[in-house]
Structure formats: C-alpha cells, structure tokens
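A.B. asks:
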Amino acid sequence: MLKNFLNLLTGEFAARALQALGMVILTRQLGKDGVGVYGLAAAIASYGQLFILLGIDPIAIRGMQQKTLDPHTALGRIFSLRLAAAAMLVLLAVLYALTGRPSGVVLLVLSLSYLANALTPRWLLLAAGDMR
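In structure tokens, the structure reads:
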C-alpha cells in the first residue's frame, strides 16, 4: 500500500512539475499578452466542454444499471446529441475567429477537442464495469 501511495505521489508531483514548466516555457515564448490570449481561449473552451458533456454520463450510467436504458439505443442518441452540440460550438468558434481577435484563432484550435470529447464512450465503459 505504501508503494502504491508513493507511486501516485511521485506521478502527481511529476505532473504538476511538468505543468509548471510548460507554463514557464509558454510564458517566455508568448509573452504576457500571448498568455492572456491563451488563458481567455482556454477558459472559453473549458465551458464548451461542459456544454458538450451535458451531464448525461450519470443519467446514462444509472439507466443502464437499472436496465431501463438500452445500451445500443443510448449510444447512438448520446453520440448524436453530443456531436450536434460539438458541431454547434465549433461553428461558433469559427464565427468568433472571423472577428479577427487574437483569441479567436486559439479558441478555434482548442475547440477541435470538442469532437473528440463528444465521441468518448467513458460513460458506457463505466456502466459496463459497474454492471459486472
């Protein structure tokens, strides 16, 4: 147990150190204005991620555990809903990028992750793991 704790502690420390180092390098390369633009775009993009998730994961997991939700039907509907939300947000990011603001291009690049998050089957895997 101590070995697992130390492994987790070391991994967490390494992740935080790499994050701090990356921010230092990013700040030196972009300057304070560039970091501000990146920070604004990252904040907007993170709210977009919340919109795509829509709080569906716990509902779908509970429905599958209670056998009130068919996995095949739920998979198609949830992916469709999330892809529609992601496409809408990417379109909004394109429109924002066309305004010419520096954060627009950064937001557009960050918004491409919306499509990957829309297609993640994490909720399905969690439900399948809990049903065993």
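When we follow this note's numbering, the leftmost residue of the sequence shown carries the number 1, and every step to the right adds one. Glycine included, every Cβ here is placed at the ideal spot set by N, Cα and C. In this text, all values refer to a predicted model and were calculated from it rather than measured experimentally.
Rounded to the nearest angstrom, what separates Ile59 and Ala74 at their Cα positions?
C.D. replies: Numbered from its first residue, the sequence shown carries residue 59 at position 59. Numbered from its first residue, the sequence shown carries residue 74 at position 74. Ala74 has its alpha-carbon roughly 11 Å from the corresponding atom of Ile59.
A.B. asks: Find the nearest neighbour of Leu107 within the set Gln65, Ala43, Ala127, judged by alpha-carbon distance.
C.D. replies: Reading the sequence shown from its first residue, position 107 is the one you call residue 107. When only C-alpha atoms are compared, the closest one is Ala43.
A.B. asks: How should Leu89 be labelled, buried or exposed, when 16 other C-beta atoms within 10 angstroms of its C-beta is the threshold for buried?
C.D. replies: As a working mapping, residue 89 is identified with position 89 in the sequence shown. Buried is the call here.
A.B. asks: Confirm, please, whether the CB-CB distance from Ala86 to Leu54 is below 8 Å.
C.D. replies: For this step, residue 54 is matched to residue 54 along the sequence shown. For this step, residue 86 is matched to residue 86 along the sequence shown. Here Leu54 is not near Ala86, since their CB atoms are 8 Å or more apart.
A.B. asks: Around the C-beta of Gly48, are 16 or more other C-beta atoms found within 10 angstroms, so that it is buried, or is it exposed?
C.D. replies: In the sequence shown, counting from the first residue as 1, residue 48 sits at position 48. By the 10 Å Cβ count, Gly48 comes out buried.
A.B. asks: Can at least three beta-carbon pairs, one atom from the segment 94-109 and one from the segment 121-130, be found at a separation below 8 Å?
C.D. replies: no
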